[in-house]
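Residue numbers (the working numbering): -18 to 74. In what follows, a structure is listed as structure tokens, so that the remarks can point back to it.
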């Protein structure tokens, strides 16, 4: 039970940080309007599955946002490493 609490808490912290990083650090126009809605963590905190929404309804914009987020994964993970006090930053998917 305590482990589930920890994964939820770490997921909420990563969600907050990734939203802030997308707004302030990532300059890619493809990820403008992207909002992180949820983060699901594995039990050992080694991987985080990030769910997002985009303001546009167009399928092409959704694909562009997906590509932009994949390109920004390294930047996001590096910034998470600077902002979070964790031994190992989880891989983002």
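Ideal Cβ positions, reconstructed from N, Cα and C, are used throughout, including at glycine.
Determine contact between the segment -9 to 7 and the segment 55 to 68, defined as no fewer than three beta-carbon pairs at a distance below 8 Å. Yes, they touch.
Three-way DSSP call (helix, strand, coil) for residue 74 in this model: coil
Per-residue burial, residue 10 [other beta carbons within 10 Å of its own, 16 or more giving buried]: exposed
Candidates 41, 13, 42, 29: closest to residue -6 by CA position: 29
What does the alpha-carbon distance come out to for the pair residue 4 and residue 13? 8 Å
Which whole-angstrom value is the C-beta distance of residue 34 and residue 18, which I expect to be below 8 Å? Confirmed, about 5 Å.
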